[in-house]
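A.B. asks: In the working numbering, the protein residues as written are 43 to 509.
C-beta: ideal position from N, C-alpha, C; glycine also.
What follows is the structure, encoded as structure tokens:
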């Protein structure tokens, strides 16, 4: 039984998190309890297979976290997203897209998807996107006769595009974890001048799959509109103009709503893809650009700036506290011989690297029902990443596979955060069951994207290889 203590530790962590205790404290507290148990058993002369010397590396881990230049991108990208949310770019974008596509069957659904894509590439904050589009788009879609499940499913799914379309906070965190895992894997293979994988590589790798996913969403909405016209009827453009209360022409609205965020996206992603800036440097460009946009839209005052900084600090401290707790968990897991145990399990698994990858993807998908993407990134990926990479997997491909898999965690009941965000702002007339039904086809589309990546890895690896 004691040789399986690493798996018991992991199971207890999951159970504690399901009770709703703070993630960082759950990770650190449970790890310390198991470390104390291991030391106690060893002191009693019982072989617990626990090597307490691993814990001496914890101060170095803390120092490494606090001096990690890559993680500087987290507060800057969060600040960029919060400022864009406050500047009401989303409202202008939704108005412009609704007027452009609303007169088509399924046009409002297509508009929501395109706006979700643009917001993902500029803010990358799932909660803000879902809430904003839920408040602005859902009443209009329902009033125009859209199926409740189609409207809610489209809004939830497009809100999660911020997980995969760069610049994404999830990709920044995943890139940092995978970079360490890749170095560990190469050192374990006897490669003492290891190659590196950067956040920029993941950004480039995620671009094509993200756009393909957007195309799948639009294709699904268009297919429903074609097969069931009553589920996504067209809207009258003049009525929309009157309802939105816009006095200028469509061209003016597009210029005001579309051009500024696209310029910001080009500045951030273009500087990364062109090799002019690292993701950390580009995040500073994005934060400054968002500040300028908020000023240009006359939505920035001292109170707004204070609230934006408060939100940024809150998210950043949460991420770093979880990272510290995960570092302690990782050390205790390794002290119990967890790394060797997982390595042995994967090597003995039928199907070799294919079987191991399939099992990991299935475990991550199932954990997405009960855990947040940050918890999975910091707890699961450091355990399985080095082993899978040592088995020969491409780090960019693996990273994008994990990112799309984690994206489903926002949609899968009962704890999908996008479902909760939309439930909080949806009218009482919208049943929760309709929201759950609405996201199922989009979960299937995300899983189809995973399958496509498995068979066509070039979707993720082609663009990074060009730079």
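Rounded to a whole number of angstroms, what is the C-alpha to C-alpha distance between residue 79 and residue 94?
C.D. replies: Using only the alpha carbons, I get a separation of about 11 Å.
A.B. asks: May I ask which residues mark the beginning and end of the alpha helix (DSSP H) holding residue 159?
C.D. replies: Residue 159 -> alpha helix (DSSP H) spans 149-164.
A.B. asks: Enumerated in chain order, which unbroken segments of the alpha helix (DSSP H) with a length of 4 residues or greater are wholly contained in the segment 407-493?
C.D. replies: As far as the segment 407-493 is concerned, its whole alpha helix (DSSP H) runs of at least 4 residues are 415-421, 423-432, 437-449 and 459-467.
A.B. asks: Please say whether residue 467 and residue 198 have beta carbons closer to each other than 8 Å?
C.D. replies: The answer is no: Cβ separation not under 8 Å.
A.B. asks: Hey, how far is the Cα of residue 485 from the Cα of residue 447?
C.D. replies: Cα to Cα, residue 485 sits roughly 10 Å from residue 447.
A.B. asks: With the cut-off set at 8 Å, would you say residue 374 and residue 85 are in Cβ contact?
C.D. replies: No, these two residues do not count as a Cβ contact at 8 Å.
A.B. asks: Leaving aside the five residues before and after residue 423 along the sequence, list all residues of the same chain whose C-beta is less than 8 Å from its C-beta, in chain order.
C.D. replies: Closer than 8 Å at Cβ, skipping near neighbours: 216, 219, 220, 223 and 444.
A.B. asks: Taking the straight line between their C-alpha atoms, what separation do you get for residue 441 and residue 244?
C.D. replies: The straight-line gap from Cα to Cα measures roughly 7 Å.
A.B. asks: Please report the straight-line C-alpha distance between residue 511 and residue 459, rounded to a whole angstrom.
C.D. replies: Residue numbering for the chain in the displayed model covers 43 to 509; residue 511 lies beyond these limits and cannot be assessed.
A.B. asks: Are residue 144 and residue 274 touching if we call contact CB-CB under 8 Å?
C.D. replies: Cβ atoms of residue 144 and residue 274: not closer than 8 Å.
A.B. asks: Residue range of the alpha helix (DSSP H) that residue 392 falls in?
C.D. replies: First-last for residue 392: undefined, no H or E at that position.
A.B. asks: Quick one, which of 148, 360, 299 and 76 has its alpha-carbon nearest residue 160's?
C.D. replies: The candidate whose alpha carbon is nearest that of residue 160 is 299.
A.B. asks: Give me the Cα-Cα distance between residue 53 and residue 170, rounded to the nearest whole angstrom.
C.D. replies: Rounded to the nearest angstrom, the two C-alpha atoms are 32 Å apart.
A.B. asks: Mind pulling the beta strand (DSSP E) runs of 3 or more residues that sit fully within the segment 292-332?
C.D. replies: Counting only runs of 3 or more, we get nothing.
A.B. asks: Rounded to whole angstroms, what's the CA-CA distance from residue 181 to residue 97? Just pull it up for me.
C.D. replies: The alpha-carbon atoms of residue 181 and residue 97 are separated by roughly 54 Å.
A.B. asks: Using only CA atoms, which one of 421, 362 and 77 lies nearest to residue 108?
C.D. replies: Of 421, 362 and 77, the residue nearest in Cα terms is 362.
A.B. asks: Under 8 Å, with one C-beta from each stretch per pair, do the segment 227-238 and the segment 424-437 reach the 3-pair mark?
C.D. replies: Cβ pair count under 8 Å is three or more, so yes.
A.B. asks: Taking the alpha carbon of residue 309 as the point to measure from, which residue in 297, 407, 345 and 208 has its own alpha carbon closest?
C.D. replies: Nearest C-alpha to residue 309: 208.
A.B. asks: Report the rounded CA-to-CA distance for residue 135 versus residue 157, giving the unit in angstroms.
C.D. replies: The straight-line gap from Cα to Cα measures roughly 6 Å.
A.B. asks: Do residue 438 and residue 10 count as a contact pair if the criterion is CB distance below 8 Å?
C.D. replies: Because the chain spans 43 through 509 in this model, residue 10 falls outside it and cannot be assessed.
A.B. asks: Around the Cβ of residue 127, are there at least 16 other Cβ atoms within 10 angstroms (buried) or fewer (exposed)?
C.D. replies: Under this definition residue 127 is a buried residue.
A.B. asks: For residue 153, which residues from the same chain have a beta carbon less than 6 Å from its beta carbon, with the 5 sequence-adjacent residues on both sides left out?
C.D. replies: If we look at residue 153 and ignore the five residues flanking it on each side, its Cβ neighbours are 139, 140 and 143.
A.B. asks: By Cβ distance below 6 Å, which residues in the same chain neighbour residue 499 in space, the five residues on each side in sequence not counted?
C.D. replies: If we look at residue 499 and ignore the five residues flanking it on each side, its Cβ neighbours are 439.
A.B. asks: Flag this pair as yes or no: are the beta carbons of residue 262 and residue 455 separated by less than 8 Å?
C.D. replies: No. Outside cutoff.
A.B. asks: Exposed or buried, which one is residue 246 when buried takes at least 16 other CB atoms within 10 Å?
C.D. replies: Buried, by the Cβ-count rule.
A.B. asks: Note down, in chain order, each residue of its chain lying with its Cβ closer than 7 Å to the Cβ of residue 307, except the 5 sequence neighbours on either side.
C.D. replies: Correct list, in chain order: 163 and 164.
A.B. asks: Taking residue 394 as the reference, which of 83, 433 and 259 has the closest Cα?
C.D. replies: That would be 433, whose Cα lies nearest to the Cα of residue 394.
A.B. asks: Given this structure, state the Cα-to-Cα distance separating residue 322 from residue 114, to the nearest angstrom.
C.D. replies: Whole-angstrom Cα-Cα distance: 6 Å.
A.B. asks: Where residue 316 and residue 328 are concerned, what is the direct C-alpha to C-alpha distance, given to the nearest angstrom?
C.D. replies: Their Cα atoms are separated by approximately 15 Å.
A.B. asks: In angstroms, rounded to a whole number, what distance separates the CA positions of residue 371 and residue 58?
C.D. replies: Spanning the two alpha carbons is a distance of roughly 13 Å.
A.B. asks: On the CB-based measure, 16 or more other CB atoms within 10 Å of its CB, does residue 137 come out buried or exposed?
C.D. replies: Buried, since its Cβ has 16 or more Cβ neighbours within 10 Å.
A.B. asks: Over what stretch of residues does the alpha helix (DSSP H) that includes residue 102 continue unbroken?
C.D. replies: From DSSP, the alpha helix (DSSP H) with residue 102 extends over 100-108.
A.B. asks: Express the C-alpha separation of residue 90 and residue 83 in angstroms, rounding to a whole number.
C.D. replies: Between residue 83 and residue 90, the C-alpha separation is close to 6 Å.
A.B. asks: Skipping 5 residues on each side, what residues in its chain have a beta carbon closer than 8 Å to that of residue 178?
C.D. replies: Cβ within range, chain order: 132, 133 and 136.
A.B. asks: Nearest to residue 411 by CA position, among 318, 355 and 478, is which residue?
C.D. replies: It is 478.
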